[in-house]
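Visitor:
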Amino acid sequence: MRAVVVKEPGGPEALDVVDLPDPVAGDGEVVIDVVAAGVNRADVLQRQGHYSPPPGASDVLGLECSGVIASVGPGVTAWKVGDPVVGLLAGGGYAEKVAVPQEQVAPLPEGMDPVTAGGLMEVAATVWANVFMAADLQPGERLLVHGGGSGIGTMAIQMAKAFGAWVAVTAGSEAKLEACRELGADVAMNYREIDFVEGLRAATEGRGADVILDNMGAAYLQRNVAALAHDGRLVVIGLQGGVKAELNLGALLAKRGSVAAFGLRGRPRAQKGEIVSDLVSSTWPLFADQTLNPVIHATFPLEDVREAHRVLDESSNIGKVVLTL
């Protein structure tokens, strides 16, 4: 099969399309014939040598895909050959075939085309696991999303609005801010021009955000705590702004706030299965009626994977970049 590997850490030129043996479904696994695979920031970090796959995971890049079940392993009861599906992966998506635990597979949402669905699972599962399962965002609460124009940001806006929350975002260009507004964001702030803490306070009459979804880490930690409402929850899912920062526990205590950091890729299989199951039961009807839609910035054939990565390197995308096979 054709697959993308990193010959040595570096820029997009480090990516090569090579021939590898087809995967074989193990116990409780299925093999998917891949139609499309999403390109994520984690893939860029892996290409650069900063994010190794979990033990036992494929070295091939790619954390999500859409496709059709090609074979099933022993003990598989949920799927049969020919089923159209999407998969949440620990690796292996940039390939013609990928083996996936059956718990991490979901049916293709009704009415969604497979190419669009290639950019669905990583962002949808990340938002659901962090904003709703971990931070327990409630109707009427206020959510602040950093990187509102990203794949995760565009999905977080839609999900939060669908479940009755108020949403503010930060982004770095007017095009991204306008896209966020069109998706339903109540407040969109250019982080190059506005102090988001002051902007959020002004927009919420000083109350702040009940939940913050943060992709920056250290660079935003103190300001995120300042932006929290009382009983607010800060969830860190990315470290684009560094890994170490000083935390004022007094400020956090005064707000009865909490700070948590969660990854998705390295979670145990059972946890991923719970996330996928909860995600499907809670949101698949909303994808079917198009209340929710993955935002696709561009698609590239697998052979143009270097160009796909350059788009993410430039941070010029609004929503997802998807590879097609």
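Position one of the sequence shown corresponds to residue 1 (full-length UniProt numbering), numbered consecutively onward. Glycine included, C-beta positions come from ideal geometry on N, C-alpha and C. On a predicted model such as this, the values are computed, not experimentally measured, just so you know.
Does the segment 227 to 234 come within contact of the segment 81 to 88, defined as at least 3 CB pairs closer than 8 angstroms?
Guide: They do not touch, by the three-pair rule.
Visitor: What do you reckon, are the CB atoms on residue 107 and residue 36 nearer than 8 angstroms?
Guide: The residue given as residue 107 occupies position 107 in the sequence shown. The residue given as residue 36 occupies position 36 in the sequence shown. Not closer than 8 angstroms, so no.
Visitor: Please go through the segment 279 to 316 and give each complete beta strand (DSSP E) segment of 3 or more residues, from N-terminal end onward.
Guide: With a minimum length of 3 residues, the continuous beta strand (DSSP E) runs that stay inside the segment 279 to 316 are 296 to 301.
Visitor: Reducing DSSP to helix, strand and coil, say where residue 276 ends up.
Guide: Taking the sequence shown and counting its residues from 1, the one referred to as residue 276 is at position 276. It is helical.
Visitor: For residue 212, which residues in the same chain have their Cβ closer than 6 angstroms to its Cβ, ignoring the five residues on either side in sequence?
Guide: For this step, residue 212 is matched to residue 212 along the sequence shown. Counting only Cβ-Cβ distances below 6 angstroms, and skipping sequence neighbours, we find 144, 224, 234.
Visitor: When the cut-off is 8 angstroms and only beta carbons count, does residue 274 lie next to chain D?
Guide: The chain inventory of the structure shown lacks chain D, comprising one protein chain alone.
Visitor: Would you call the segment 295 to 304 and the segment 127 to 137 in contact, with 3 or more CB pairs under 8 angstroms?
Guide: Not touching, per the Cβ criterion.
Visitor: Are residue 308 and residue 323 closer than 8 angstroms when you measure CB to CB?
Guide: For the purposes of this step, residue 308 is taken as the residue at position 308 of the sequence shown. For the purposes of this step, residue 323 is taken as the residue at position 323 of the sequence shown. Contact flag set, yes.
Visitor: Rounded to whole angstroms, what is the Cα-Cα separation between residue 40 and residue 321?
Guide: Position 40 of the sequence shown holds residue 40. Position 321 of the sequence shown holds residue 321. Residue 40 and residue 321: Cα-Cα distance of roughly 8 angstroms.
Visitor: According to DSSP, is residue 212 helix, strand or coil?
Guide: For this step, residue 212 is matched to residue 212 along the sequence shown. Correct three-state label for residue 212: strand.
Visitor: CB-CB under 8 angstroms to residue 306, same chain, minus the five flanking residues each way: which ones, in chain order?
Guide: Taking the first residue of the sequence shown as 1, we reach residue 306 at position 306. Around residue 306: 12, 13, 15.
Visitor: Going by beta-carbon coordinates alone, are residue 221 and residue 247 separated by less than 8 angstroms?
Guide: By one-based count along the sequence shown, residue 221 stands at place 221. By one-based count along the sequence shown, residue 247 stands at place 247. Yes. Within cutoff.
Visitor: Write down the C-beta distance between residue 32 and residue 98 rounded to the nearest angstrom, noting that I regard them as a contact closer than 8 angstroms.
Guide: Working through the sequence shown from its first residue, we reach residue 32 at position 32. Working through the sequence shown from its first residue, we reach residue 98 at position 98. With 8 angstroms as the limit, residue 32 and residue 98 qualify as a contact, their Cβ atoms being about 5 angstroms apart.
Visitor: DSSP on residue 319, reduced to helix/strand/coil?
Guide: In the sequence shown, residue 319 corresponds to position 319, counting from 1. Correct three-state label for residue 319: strand.
Visitor: By DSSP, does residue 81 sit in helix, in strand, or in coil?
Guide: Against the sequence shown, residue 81 aligns to sequence position 81. Coil.
Visitor: In its own chain, which residues sit with a C-beta less than 8 angstroms from the C-beta of residue 290, not counting the 5 before and 5 after it?
Guide: Reading the sequence shown from its first residue, position 290 is the one you call residue 290. Contacts found: 111.
Visitor: Buried or exposed: where does residue 104 fall if 16 or more other Cβ atoms within 10 Å of its Cβ makes it buried?
Guide: Stepping through the sequence shown from its first residue, residue 104 is reached at position 104. So residue 104 ends up on the buried side.
Visitor: How is the beta strand (DSSP E) around residue 204 delimited, first residue to last?
Guide: The sequence position of residue 204 within the sequence shown is 204, counting from 1. Note, residue 204: premise wrong, no beta strand (DSSP E); not H, not E.
Visitor: Which of the three DSSP states is assigned to residue 112 in this structure?
Guide: For the purposes of this step, residue 112 is taken as the residue at position 112 of the sequence shown. Residue state, collapsed to three classes: coil.
Visitor: Per DSSP, residue 38 forms a beta bridge with which residues?
Guide: Locating residue 38 in the sequence shown gives position 38, counting from the first residue. 322, per the DSSP bridge assignment.
Visitor: If residue 338 sits next to residue 318, beta carbons under 8 angstroms apart, how far is it from one beta carbon to the other, in whole angstroms?
Guide: Nothing about residue 338 can be read from this structure; the chain reaches only from 1 to 325.
Visitor: Go ahead and label residue 325 buried or exposed: buried means 16 or more other beta carbons lie within 10 angstroms of its beta carbon, across all protein chains shown.
Guide: Looking up residue 325 in the sequence shown gives position 325. Buried is the call here.
Visitor: Could you please give the first and the last residue of the uninterrupted beta strand (DSSP E) stretch that includes residue 182?
Guide: Indexing the sequence shown from 1 puts residue 182 at position 182. Unbroken run through residue 182 is the alpha helix (DSSP H), 174 to 183; no beta strand (DSSP E).
Visitor: Considering only the beta carbon of each residue, do residue 155 and residue 170 sit closer than 8 angstroms?
Guide: To locate residue 155, count along the sequence shown from 1; it is residue 155. To locate residue 170, count along the sequence shown from 1; it is residue 170. No, these two residues do not count as a Cβ contact at 8 angstroms.
Visitor: Using the three-state DSSP reduction, which class does residue 20 fall into: helix, strand or coil?
Guide: Numbered from its first residue, the sequence shown carries residue 20 at position 20. Coil, per DSSP.
Visitor: Residue 288: which of 116, 172, 94 sits nearest, CA to CA?
Guide: Taking the sequence shown and counting its residues from 1, the one referred to as residue 288 is at position 288. Nearest C-alpha to residue 288: 116.
Visitor: As a quick exercise: from 180, 79, 265, pick the residue whose alpha carbon is nearest that of residue 172.
Guide: The count along the sequence shown starts at 1 and reaches residue 172 at position 172. Here the closest residue by C-alpha is 180.
Visitor: Starting from the C-beta of residue 174, find all residues in its chain whose C-beta is less than 8 angstroms away, skip the five residues before and the five after it, and write them out in chain order.
Guide: Counting from one through the sequence shown, the residue named residue 174 turns up at place 174. So the qualifying residues of the chain are 190.
Visitor: Report yes if the CB atom of residue 119 is closer than 8 angstroms to the CB atom of residue 151, and no otherwise.
Guide: As a position in the sequence shown, residue 119 is number 119, starting the count at 1. As a position in the sequence shown, residue 151 is number 151, starting the count at 1. For residue 119 and residue 151, yes; Cβs fall inside 8 angstroms.
Visitor: At which residues does the alpha helix (DSSP H) containing residue 252 begin and terminate?
Guide: Taking the sequence shown and counting its residues from 1, one reaches residue 252 at position 252. From DSSP, the alpha helix (DSSP H) with residue 252 extends over 249 to 254.
Visitor: Would you decide whether residue 34 is buried or exposed? Buried here means 16 or more other CB atoms lie within 10 Å of its CB.
Guide: Against the sequence shown, residue 34 aligns to sequence position 34. It counts as buried.
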